[in-house]
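Just below is one structure, and these are the notes that go with it.
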Amino acid sequence: MKHYKNLSDLHRDNGFPPNENPLFSIYQCNGACSIGAQEFTSDFYMLGFKKLKSGVVLYGRTKYDHDCGSMMFVKPRQVIEMRNLHLDEDGFLIFIHEDFLNGHILHNEIKKYHFFDYEINEALHLSPKEETTIWDLYRKIENEYNNNQDEYSREIILANVGTMLKYAQRFYKRQFINRSEISGKTVSRFVEEMDAYLANGLLHSKGLPSVQYMAERLNISSGYLTDVLKQESGKTALEHIHIYLISEAKNRLKYEEQSVSEIAYALGFDNLSYFSRLFKKEVGMTPILFKKQSLN
């Protein structure tokens with residue numbers, strides 16, 4: 000598998016114009032846009048905007064659906080494949096080498112955007128007004144990139160990239176709301192999967208379910224799951240797992256004769272002290288005190 004350490008190799012291999020900066024580049028796609036003919040990885044972040052008419056885009060093994068969104072985000076060393084792409088309209092690609100971010104606030108901020116961990120079928124859908132906003136930012140980056148870069152260029156370019164990422168976060172939140180009627184409330188689906196996990200005895204055989212497991216059951220990535228749940232309910236996927244288990248624990252402590260430790264282990268907790276701390280955090284008292292009050 001090809002791995003690109005520098006932008007010059009990527010530009011040369013794909014027939015792009017020479018990059019103006021060794022650590023940052025852009026490329027506007029006019030009807031067709033592909034990078035290589037096979038899977039590759041890189042040391043770059045990539046932001047892409049495109050309305051795909053035909054062709055193949057893969058994140059790892061996940062194939063791009065032509066009906067999906069028009070903006071996608073790739074992080075360094077993520078496996079991707081783009082070939083024979085034909086677009087309905089113009090698109091663009093932005094490449095940011097990790098080292099271009101060193102010493103800048105975006106170095107840490109960019110890692111907080113979960114959409115770099117989304118699957119390709121969770122790409123961002125943009126409304127016409129949102130597309131205009133993204134293109135306006137791209138033009139500002141393009142102007143700075145092409146006009147004799149100086150000591151201010153990096154700061155101006157990254158400021159606009161940062162703004163683009165903030166808008167993407169806003170637009171994703173809008174997407175979570177608008178698409179909830181199509182996909183069904185994620186919280187409800189999440190609880191159904193937790194019910195099945197419990198009913199099938201998986202708490203006993205496999206222990207606590209991970210966020211990754213729950214995401215796979217719902218056919219979405221863990222980052223997307225957490226962000227959708229946060230939008231719908233204000234709580235993360237891990238918090239929902241904990242809330243569900245503590246709710247089940249309260250029921251068992253109140254109506255079953257098992258000890259606190261037996262109930263904790265039955266619910267997949269290997270560490271009794273961890274269970275007790277989590278229970279107290281959610282309920283406001285220890286499980287032992289809760290059980291005593293219930294008995295009285």
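Numbering (numbering that gives the first Met the number 0), first residue to last: 0 to 295. C-beta: ideal position from N, C-alpha, C; glycine also.
When DSSP states are grouped into helix, strand and coil, TYR151 belongs to the coil group. The stretch 159 to 167 makes no contact with the stretch 221 to 233; the number of CB pairs closer than 8 Å stays below 3.
The beta-carbon separation of ILE140 and VAL160, rounded to 7 Å, stays under the 8 Å limit for a contact.
Here DSSP, grouped into helix, strand and coil, assigns ILE93 to strand. In the DSSP assignment, the residues bridged to HIS2 are THR40. The Cβ atoms of PHE72 and GLU130 lie no closer than 9 Å to each other. The straight-line gap separating the alpha-carbon atoms of ASN142 and ARG153 is approximately 12 Å.
Per the DSSP secondary-structure output, PHE48 pairs in a beta bridge with MET70 and PHE91.
DSSP lists PHE91 as the bridge partner or partners of GLN27. Assignment of LEU207 by DSSP, reduced to helix, strand and coil, places it in the coil class. Contact annotation: ASP226 and HIS113 have beta-carbon atoms nearer than 9 Å. By the Cβ criterion, the stretch 281 to 290 is in contact with the stretch 240 to 248, since at least three pairs of Cβ atoms, one from each stretch, lie closer than 8 Å. At a Cβ-Cβ threshold of 9 Å, LYS253 and PHE278 do not count as neighbours.
In the DSSP assignment, VAL190 falls within the alpha helix (DSSP H) that extends over 185 to 198. Sorting TYR264, PHE91, GLU80 and PHE23 by C-alpha distance to the C-alpha of ASN29 places PHE91 at the top. Closest in alpha carbon position to TYR44, among ASP269, ASP89 and ARG76, is ARG76. Taking GLN211 as reference, the option from ILE240, GLY200, GLN37 and TYR171 with the minimal CA-CA separation is ILE240.
Shown here for GLU231: same chain residues with a beta carbon closer than 8 Å to its own, the five before and five after excluded, namely PHE175, SER179, LYS184, THR185 and VAL186 in chain order.
Taking 9 Å as the cut-off, the beta carbon of ILE93 is found no closer than this to the beta carbon of LEU157.
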